[in-house]
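Asker:
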Amino acid sequence: MMDSPLSASARPLKVRPDRVCLNGEWYFMPDFDGRSPAELLASARWEAQPVRVPSSWRWMIKPHEPFQPYDLFGYPAAWNDAQSGLLRRTFTVEPQGDA
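Under my numbering, think of the first position of the sequence shown as 33, with each following residue one higher.
Have a look at this one:
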């Protein structure tokens with residue numbers, strides 16, 4: 033018998049002290065102008081609303097398509113116009129062994 037795709041997501045995750053799950057809320061800075069990452073960082077203005085990882089900040093496919101996916105996360109509609117963006121999150125990497 034084959035597992036359904038949903039049953040895999042319901043399985044408990046293995047605890048691995050040598051790994052950190054990066055899922056969760058991240059700071060987000062959309063890029064509406066096609067700037068380079070260096071240009072974006074020079075004028076860093078992170079959004080007040082975080083983005084959830086994994087997800088997409090863009091939920092509209094094309095403005096006049098007959099089908100649009102349901103907006104699951106409530107991100108600002110303006111984010112649909114961002115072609116790229118930067119994500120930021122802070123975490124600590126614990127030293128291991130004789131590093």
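Every residue, glycine too, gets a C-beta built ideally from N, C-alpha and C.
For Y107, does the count of other Cβ atoms within 10 angstroms reach 16, so buried, or fall short, so exposed?
Answerer: In the sequence shown, the residue the question calls residue 107 occupies position 75. The residue is buried, with at least 16 neighbouring Cβ atoms inside 10 Å.
Asker: At the level of alpha carbons, what is the spacing between D126 and R48?
Answerer: The residue given as residue 126 occupies position 94 in the sequence shown. The residue given as residue 48 occupies position 16 in the sequence shown. For the sequence presented, residue 126 should be read as Glu rather than Asp. E126 and R48: Cα-Cα distance of roughly 13 Å.
Asker: Would you mind giving the Cβ-Cβ distance between R120 and W78, rounded to the nearest angstrom? I have them listed as a contact below 8 Å.
Answerer: As a position in the sequence shown, residue 120 is number 88, starting the count at 1. As a position in the sequence shown, residue 78 is number 46, starting the count at 1. Right, their Cβ atoms sit about 7 Å apart.
Asker: Using CA atoms only, rank isn't needed, just tell me which of K46, P82, C53 is closest to L118.
Answerer: Sequence index remark: in the sequence shown, residue 118 carries index 86 (1-based). Nearest option by C-alpha distance: P82.
Asker: Check whether the Cβ atoms of R84 and N112 sit closer than 8 Å, and answer yes or no.
Answerer: Here residue 84 refers to the residue found at position 52 when the sequence shown is read from its first residue. Here residue 112 refers to the residue found at position 80 when the sequence shown is read from its first residue. Contact flag unset, no.
Asker: Tell me where the beta strand (DSSP E) around L119 begins and ends.
Answerer: Taking the first residue of the sequence shown as 1, we reach residue 119 at position 87. DSSP places L119 in the uninterrupted beta strand (DSSP E) bounded by 116–120.
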